[in-house]
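> Per this note's numbering, the sequence shown starts with residue 11, numbered consecutively. In this text, a Cβ means the ideal position worked out from N, Cα and C, and glycines have one as well. Here the structure is a predicted model, which is why all the values come from computation and not from measurement.
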Amino acid sequence: MPQAVAHVLFAIILLDLIRDYALKDRKKLPLHFIFIGGVAGLLPDADIPVYWLLKNVLGLQVEWFHRTLTHSILLPVTTLIITLVLLQLTKKKNFQLFFAVITFGFATHILLDGILTDYIPLFYPFSQAQYGLNLLRNLGWPSLVEGIDAIILLVWLWDLDRRHQLRDYM
Ligand SMILES: [Zn+2]
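1) Where does the unbroken alpha helix (DSSP H) through K103 begin, and where does it stop?
2) Closer than 8 Å is the cut-off here; do at least three beta carbon pairs connect the stretch 14 to 21 with the stretch 73 to 89?
3) Let me know the secondary structure DSSP gives I91 once reduced to three states.
4) Can you name, in chain order, every residue of its own chain whose Cβ lies under 6 Å from the Cβ of G47, other than the five neighbours on each side?
5) Look at H119 and G69 and say whether their C-beta atoms are less than 7 Å apart.
6) Checking the sheet assignment: what are the DSSP bridge partners for I130?
7) Apart from the five residues just before and just after I28, which ones in its own chain have a Cβ nearer than 6 Å to its Cβ?
8) Rounded C-beta distance between T80 and D57? I'm assuming under 8 Å.
9) Please classify G89: is it buried, with 16 or more other beta-carbons within 10 angstroms of its beta-carbon, or exposed?
10) Which of the three DSSP states is assigned to Q98 in this structure?
11) Where does G124 land, buried or exposed, given buried means 16+ other C-beta within 10 angstroms?
12) Please name the residue, chosen from V67, N66, Y61, K65, that lies closest to H76 on a Cα-to-Cα basis.
13) Roughly how many whole angstroms lie between the Cα atoms of V72 and H174?
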C-alpha cells in the first residue's frame with residue numbers, strides 16, 4: 011500500500027492537471043471537487059480502520075478484509091454508473107461532478123495500488139484472483155514506497171511553479 015498521503019496527492023494532482031490542461035477552465039472543476047476527489051483517492055483504504063473498529067472496539071471476530079471489496083473494480087464502476095445515470099436524469103452539474111470525481115478517486119487508488127505495490131482482487135467478490143504489477147518490489151525498490159508521497163509532491167510543486175510561477179508568492 012502506498013502511503014495514505016500519496017493516494018490523496020495522486021488524485022488531487024491528476025485532477026488539477028486535467029483541470030488545467032484538458033478542461034482549460036478552472037470554473038468547470040472548482041477546487042472543492044478536487045478536494046473531494048483527493049478524499050475519494052484515500053477512501054478504499056478505509057477498510058483498515060473499519061476492521062480495527064469492528065475487532066477492537068466492538069469485539070467482533072472478523073477476518074482481515076483489507077483489499078477486498080474496496081479494491082475491486084466494482085467500486086468505481088458503481089459510482090461511474092451513478093454518474094452516467096445522473097447525467098441523464100438531472101441538469102445539476104454538482105451532483106454529476108461529485109460522483110465523477112469520486113469515481114476518479116476510487117480508480118486512481120486501485121490503479122496506484124495495482125501498479126506500484128502488491129496485487130489487488132480486481133474482480134472481487136466474483137473472483138479472488140489477484141492482479142497487479144507490483145512494480146516497486148519487482149524493480150527492487152520496495153523502500154521507495156516510503157518516499158513516493160514526497161516524490162509525487164515535489165513533481166507537482168515543480169509543475170505548479172512552472173505553470174503559475176509560485177516563486178512570486180513566496
Ligand atoms: Zn489501498
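Considering the structure as presented:
1) For the purposes of this step, residue 103 is taken as residue 93 along the sequence shown, with counting starting at 1. Counting along the chain, the alpha helix (DSSP H) containing K103 begins and ends at 103 to 126.
2) no
3) Taking the sequence shown and counting its residues from 1, one reaches residue 91 at position 81. Three-state DSSP puts I91 in a helix.
4) Numbered from 1 along the sequence shown, position 37 holds the residue referred to as residue 47. Hits under 6 Å: A21, L25, V111, F114, G115.
5) In the sequence shown, the residue the question calls residue 119 occupies position 109. In the sequence shown, the residue the question calls residue 69 occupies position 59. In this structure, G69 does not lie closer than 7 Å to H119 by Cβ.
6) Indexing the sequence shown from 1 puts residue 130 at position 120. Y141, per the DSSP bridge assignment.
7) As a working note, residue 28 is residue 18 in the sequence shown. Around I28: no qualifying Cβ.
8) Mapped onto the sequence shown, residue 80 falls at position 70. Mapped onto the sequence shown, residue 57 falls at position 47. That pair is a contact at about 5 Å.
9) What you label residue 89 is simply residue 79 of the sequence shown in a count that begins at 1. Here the sequence assigns Thr to residue 89, which means Gly is not the residue at that position. Flag for T89 reads buried.
10) Working through the sequence shown from its first residue, we reach residue 98 at position 88. Here Q98 sits in helix by DSSP.
11) In the sequence shown, counting from the first residue as 1, residue 124 sits at position 114. It counts as buried.
12) Numbered from 1 along the sequence shown, position 66 holds the residue referred to as residue 76. Of the candidates V67, N66, Y61, K65, the one whose C-alpha sits nearest the C-alpha of H76 is Y61.
13) Position 62 of the sequence shown, counted from the start, is the residue given in the question as residue 72. Position 164 of the sequence shown, counted from the start, is the residue given in the question as residue 174. Taking the straight line joining both Cα atoms gives about 49 Å.
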